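In our numbering, the protein residues as written are 0 to 189. Built from N, CA and C at the ideal position, the CB exists for glycine as well. If you're wondering where the values come from, they're calculated on a predicted model, not measured in any experiment. What follows is a single structure, written as structure tokens, with notes after it.
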DNA sequence: AGGAAGATCTACT
DNA sequence: GTAGATCTTCCTA
């Protein structure tokens with residue numbers, strides 16, 4: 000079952016946690032790509048989170064974070080597109096960064112796009128998974144309740160680990176990174 | 001025009 | 001596992 004708009008209109012941290020285990024699906028001309036979300040991070044807005052792209056306030060760049068929830072927010076860092084899902088309770092600002100996926104379907108296509116044959120390395124990392132799924136700038140603002148790129152529910156049970164976020168230079172002490180315990184596809188901290 | 005950025009790759013100890 | 005170079009956009013001056 001596809002996740003509804005209501006799912007995303009709650010506290011960012013809560014959504015980040017509940018997105019674990021959900022399945023990200025991308026319908027492309029070349030085939031269907033599916034991956035289970037195994038690692039996420041929550042990012043808040045102005046004044047709340049110095050590591051967030053939105054902490055300085057509104058700009059063209061991070062616009063989607065201020066707009067309707069349930070949309071994709073894609074941006075480039077260090078030659079990598081990063082996929083975020085806009086999620087926050089009413090009147091707030093925030094998004095969930097998808098950091099890692101466990102490939103489920105369309106693996107051959109992902110391998111072709113990434114030029115790697117090691118499944119474990121296919122989607123283990125925010126920049127890698129966007130490349131594997133073929134996500135780029137044109138997906139910025141895409142509605143995730145649509146039929147192109149969306150998320151599906153799952154009933155899987157697992158243990159969630161909460162840690163500090165990775166790779167950022169500010170706001171390091173916040174425990175806003177979540178991942179599935181013992182999952183091989185989680186990026187191993189750096 | 002310059003610099004920073006939520007990272008990745010490759011090559012080593 | 002850790003380290004360093006390098007990558008492309010957007011923001012700020």
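Excluding five sequence neighbours on each side, which residues of the same chain lie with their C-beta closer than 7 Å to the C-beta of residue 26? So the qualifying residues of the chain are 146 and 147.
So which of 72, 83 and 55 has the shortest CA-CA distance to residue 140? Cα-wise, what sits closest to residue 140 is 72.
N-terminal and C-terminal residue of the alpha helix (DSSP H) that residue 106 is part of: For residue 106, the enclosing alpha helix (DSSP H) stretches over residues 106-113.
Tell me the rounded alpha-carbon separation between residue 8 and residue 60. The C-alpha of residue 60 is placed about 21 Å away from the C-alpha of residue 8.
Just tell me which of 130, 70, 95 and 96 has its CA closest to the CA of residue 112. Relative to residue 112, the option among 130, 70, 95 and 96 whose CA is nearest is 130.
Runs of beta strand (DSSP E) lying entirely within the segment 23-70, each at least 3 residues, in chain order: Taking only runs of at least 3 residues, the beta strand (DSSP E) segments lying wholly in the segment 23-70 are 30-43.
Do residue 32 and residue 132 have their C-beta atoms closer together than 9 Å? Yes.
Using only CA atoms, which one of 16, 12, 5 and 10 lies nearest to residue 158? Ranking 16, 12, 5 and 10 by Cα distance to residue 158 puts 16 first.
Could you tell me whether the segment 68-85 touches the segment 114-123, using the rule of 3 or more Cβ pairs below 8 Å? In this structure the segment 68-85 does not touch the segment 114-123; the number of beta carbon pairs closer than 8 Å is below three.
Identify which residue in 128, 80, 65 and 43 has its Cα closest to the Cα of residue 170. Ranking 128, 80, 65 and 43 by Cα distance to residue 170 puts 43 first.
Quick check: what's the CA-CA separation for residue 50 versus residue 93? Near 12 Å, if we compare the C-alpha coordinates of residue 93 and residue 50.
Quick one: is residue 18 buried, meaning 16 or more other Cβ sit within 10 Å of its Cβ, or exposed? Per the 10 Å Cβ criterion, buried.
In chain order, what residues of the same chain lie with their CB nearer than 8 Å to the CB of residue 12, ignoring the 5 residues before and after it? Only 41 and 175 meet the Cβ criterion.
DSSP three-state label for residue 95, please. In the displayed model, residue 95 falls within a strand according to three-state DSSP.
At what residues does the beta strand (DSSP E) containing residue 183 begin and finish? First-last for residue 183: undefined, no H or E at that position.
With DSSP run on the structure shown, which of helix, strand or coil describes residue 101? Correct three-state label for residue 101: strand.
Please list the terminal residues of the continuous beta strand (DSSP E) segment that includes residue 85. Unbroken beta strand (DSSP E) run through residue 85: 79-85.
Note down, in chain order, each residue of its chain lying with its Cβ closer than 7 Å to the Cβ of residue 189, except the 5 sequence neighbours on either side. In this prediction, residue 189 has a pLDDT of 43, which is less than 50 and means its spatial position is unreliable; what the coordinates show is noted afterwards. Answer for residue 189: 165 and 166, listed in chain order.
Measuring only the C-alpha atoms, how far is residue 20 from residue 153? Near 7 Å, if we compare the C-alpha coordinates of residue 153 and residue 20.
Closest Cα partner of residue 75 within the set 65, 135, 2 and 22: The candidate whose alpha carbon is nearest that of residue 75 is 135.
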